[in-house]
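2 protein chains.
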Amino acid sequence: MPDREMTAEATRDPPAPKPLRADAQRNRDRLVEVAAQAFAADGVDASLEEIAKRAGVGIGTLYRHFPTREHLVEVVYRREVEGLCHAADELAREHPADVALELWMQRFVDYIATKRGLATSLRLLLTTNSTLFSDTSGRVSGAMRGLIEAAAAAGKIRADVDASDVMHALGGIYSAPNTPDWRERSGRLVKLLMDGLRFGAKG
Amino acid sequence: MPDREMTAEATRDPPAPKPLRADAQRNRDRLVEVAAQAFAADGVDASLEEIAKRAGVGIGTLYRHFPTREHLVEVVYRREVEGLCHAADELAREHPADVALELWMQRFVDYIATKRGLATSLRLLLTTNSTLFSDTSGRVSGAMRGLIEAAAAAGKIRADVDASDVMHALGGIYSAPNTPDWRERSGRLVKLLMDGLRFGAKG
DNA sequence: CACTAAAGCGGAGGTGCCTCCGTTTATTTA
DNA sequence: TAAATAAACGGAGGCACCTCCGCTTTAGTG
């Protein structure tokens, strides 16, 4: 029994995610792009018709690609997590390890900032769809672990620290009350963390 | 400094829940009544306009009394919990203590049955509004504790059992997968529990 | 009672959701 | 390149949400 023949791209193996037609793919991408902006600006309740319009497609097209609002939110969310993780690699390439770590944590704060408004809806989504939760939180903590290990290996931060501890500390940011100065506080927390991490580097 | 004077009813002390006008109270009651049926029949997504219509009021009236769907759901939910607890007293008056306990547990199953469909929305509501959760779960377990203690005191069930253990056992019903035979299974579970409780009564 | 202020009523109307299906377009085949 | 066909498009239409405000009813007062 020969392997299923595959033309060029179809690399995934589950059933057969069959490639989209070119125009469909284009529209889908635009929709996700526009939706990301809209959700960031107006929250998860942003008007879907508005999103479709701004993406230059009919409402029907939006619904064909994303049968429910949750589907769309999920895809946007995954994309953003992906971006966050990608940034980790990029920063690691362009900066000294400790700086990369610090910059990434700052970016993490930005990311959380846009999510706080959506807290309730997102929480529902993340408890309902536990795969989504485990996928994304795994990706994020993996990215951070990479940065920390690199910084430790380069002697820029102390070596006796565990990534999950730092993750936990950042977790505090998410659950902090959203006072108007939340943003500054979080920035300071990151700096504080970095000081702690740098202290005693290389003995 | 004299106590705040209070006329007849105003027994609560927070601010001043000022009594509703007679017609308003009537409409409000009807709305809750009708909403309870509608939610039971069609789930929490039942049409509010339909509810208003069936209650014989305009949609504006519904929204004045319950500014969001959640408000209405919450009130209905509280009312049902209240009914469940009230039933405990009533059953205790009309039946031998062990029979009262069994009947009440059966009724509890009925109650859960109507809630299972709404699981996700209710879960959101109960996590968002934690007061609601603690209020109601306290009331329910209190009612059960009363029945159990009475039955134990009457020598109808063993005396060495803790109400919270039984509550916990019933909790299993809620989280059980909803197969088509869920209802029967739950009924059997209650019977089983009762057998266990009766065994060894009065030594 | 008659009168009045405050409380309450209700539904028209503007908006968003989502489905359905006739039309358009990309891709394949000849 | 042209025809055939499967895939995708898009927006009209029907329904529900929720707000707003002019009209009605109640509960006091003389």
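Going line by line, the protein sequences match chains F and H.
For the first sequence, numbering that gives the first Met the number 0 gives the first residue as 0, with consecutive numbering after it.
For the second sequence, numbering that gives the first Met the number 0 gives the first residue as 0, with consecutive numbering after it.
All C-beta atoms in this analysis are idealised placements derived from N, C-alpha and C, irrespective of residue type, glycine included.
- The residue among F/T130, F/S120 and F/N128 with its C-alpha nearest the C-alpha of H/T126 is F/S120.
- Distance from the CA atom of F/L61 to the CA atom of F/R27, rounded to whole angstroms, is 8 angstroms.
- Between H/L47 and H/A87 the beta-carbon gap is near 32 angstroms, outside 8 angstroms, which marks them as no contact.
- Bounds of the alpha helix (DSSP H) holding F/L131 are S129 to A152.
- A check of alpha carbon separations from F/M104 across F/E93, F/S133 and F/V139 identifies F/V139 as the nearest.
- The DSSP assignment places no complete run of the beta strand (DSSP E) inside the segment 28 to 80 of chain H (cut-off: 3 residues).
- When C-beta distances to chain F are compared with 8 angstroms, the residues of the segment 112 to 129 of chain H below that value are T119, R122, L123, T126 and T127, in chain order.
- Short of 6 angstroms from the beta carbon of H/H85, and not among the five residues preceding or following it, lies no beta carbon of its own chain.
- Note that the C-beta distance between F/L100 and F/F65 is not below 9 angstroms.
- Under the three-state reduction of DSSP output, F/R184 falls in the helix class.
- Here H/M166 is not near H/M193, since their CB atoms are 9 angstroms or more apart.
- Here H/R20 carries a coil assignment [DSSP, helix/strand/coil].
- Under the criterion of beta carbons closer than 8 angstroms, H/I58 and H/A37 do not qualify as touching, at roughly 14 angstroms.
- By the Cβ neighbour-count rule, F/Y173 is exposed, with fewer than 16 other Cβ atoms within 10 Å of its own.
- Here DSSP, grouped into helix, strand and coil, assigns H/K201 to coil.
- Contact between H/I156 and H/L196 holds: their C-beta atoms lie close to 4 angstroms from each other, under 8 angstroms.
- H/A151 is the residue among H/A151, H/P176 and H/G82 whose C-alpha sits nearest the C-alpha of H/F198.
- Around the beta carbon of F/T135, 16 or more other beta carbons lie within 10 angstroms, which makes this residue buried.
- If you draw a straight line from the Cα of H/D44 to the Cα of H/R77, it comes to about 18 angstroms.
- Rounded to whole angstroms, the separation of the alpha carbons of F/G141 and H/D164 is 41 angstroms.
- Closest option to F/L83, judged by alpha-carbon separation, among F/I111, F/L124, F/E183 and F/D180: F/I111.
- Under the 10 Å beta carbon count, H/S129 is surrounded by fewer than 16 other beta carbons and is classified as exposed.
- F/A96 places its beta carbon 9 angstroms or farther from that of F/A168.
- Apart from sequence neighbours up to five positions away, the residues of its chain that approach H/V80 with a beta-carbon distance below 7 angstroms are T135, R138 and V139, ordered along the chain.
- A direct Cα-to-Cα measurement between H/K52 and H/V75 gives close to 18 angstroms.
- Beyond the five residues adjoining it in sequence on each side, H/A162 comes within less than 7 angstroms, by CB distance, of S140, M143, R144 and I147 in the same chain, given in chain order.
- Here the C-alpha atom of H/L191 lies approximately 42 angstroms from the C-alpha atom of H/A54.
- Annotation: the continuous alpha helix (DSSP H) that includes F/K114 extends over A96 to R115.
- Per DSSP, reduced to three states, the secondary structure at H/I172 is helical.
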